[in-house]
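Below you'll find the structure, written out as structure tokens, and then a few comments.
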Amino acid sequence: GIAVIVNPGNPVTGLTSQQLRDIFSGKVTNWKQVGGEDRAIDLVNRDEASGTREAFKKIVMKDTPFDPAAAVLPGTGQVRDVVARAKGAIGYISLGFVEPRFTNVRVKALEVDGVAPSEKTVASKAYPIGRTLHFFTKGEPVGLTKEYIDFVLSPAVQDGVVVDAGFIPIAKGGGQ
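Under the numbering used here, the residue at position 129 of the sequence shown is numbered 120, and the numbers go up by one with no gaps.
Here it is, written out as structure tokens:
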């Protein structure tokens, strides 16, 4: 899943998909327009090479373009760091990076359409900003490619590395 994040000091706890579209397109520019404080919204976007950006664009933005004035950052860590420091900031990152597993930087994930992002709500598709990650091969995988895919799909990796990294194992609805 993709979590919409704000600074922990932001009193807003949730937004609708339409409000997100309006914010990330630049139509809504102040938190008071969506029930928050009278504070400018600082947009933090991912760069165009980002799969997270592409998924957010497809699921949330639909045919609405992003505000070109948004700060564009190359990675999840940078987005999380900026949002953690700037009280008016809003961004989006993979759900697995919301909790400070590898850093002390704290952000707050918002509910979207009344649903909080979690392993359970993403796996059940109740949370609206979910995505499946894929492997693509040319034809049936063979040799080292097949061995690698089999390794990634093994219970040891799915129940260990995948969970530890904050992703949802395939058996729990994380993808096929």
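From the three backbone atoms N, C-alpha and C, an ideal C-beta is built for every residue, glycine too.
Cα-Cα separation, residue i to residue j
i     : j    : result
G121  : D58  : 22 Å
N1    : Q10  : 16 Å
K111  : L101 : 16 Å
K137  : G82  : 36 Å
V(-1) : R97  : The residue asked about is misnamed: residue -1 is Pro in this sequence, not Val. P(-1) and R97: Cα-Cα distance of roughly 7 Å.
P160  : V106 : 21 Å
K78   : W22  : 11 Å
Q167  : G130 : Confidence in Q167 is poor, its pLDDT being 40 and thus under 50, which makes the residue's placement unreliable; the coordinate value appears in the next sentence. Q167 and G130: Cα-Cα distance of roughly 17 Å.
D150  : V70  : 28 Å
Simplified DSSP assignment, three categories, for residue i
i     : result
K137  : helix
I81   : strand
A117  : coil
I(-7) : strand
K18   : coil
L6    : strand
V70   : helix
E102  : strand
V148  : helix
L11   : helix
E131  : coil
F142  : helix
R97   : coil
K53   : coil
Sub-8 Å separation of residue i and residue j beta-carbons
i    : j     : result
F158 : G42   : no
K99  : I(-4) : yes
A80  : D33   : yes
I84  : T67   : yes
Endpoints, beta strand (DSSP E) assigned at residue i
i   : result
R37 : D33 to R37
A62 : A62 to L64
Cutoff 6 Å; reference residue i; Cβ partners in own chain excluding five residues on either side
i   : result
A62 : V35
T7  : D104
K5  : Correcting the residue identity first, residue 5 is Gly in this sequence and not Lys. So the qualifying residues of the chain are L101 and E102.
Residue span of the alpha helix (DSSP H) that contains residue i, given as start and end
i    : result
T43  : G42 to F47
V175 : The question about residue 175 has no answer here: the residues shown for the chain are numbered -8 through 167.
Short CB-CB distance (under 8 Å) between residue i and chain D
i  : result
G0 : Reference to chain D is not applicable here, since this structure consists of a single protein chain.
Residues near residue i in its chain [Cβ-Cβ closer than 7 Å; skip 5 each side]
i    : result
A117 : V106
F142 : V148
T20  : A31 and I32
V170 : The question about residue 170 has no answer, for the chain in this structure spans -8 to 167.
V152 : none
Cβ-based neighbour list, residue i, same chain, cut-off 8 Å, excluding 5 preceding and 5 following
i   : result
K53 : R12
S16 : M52, T55, P56, F57 and D58
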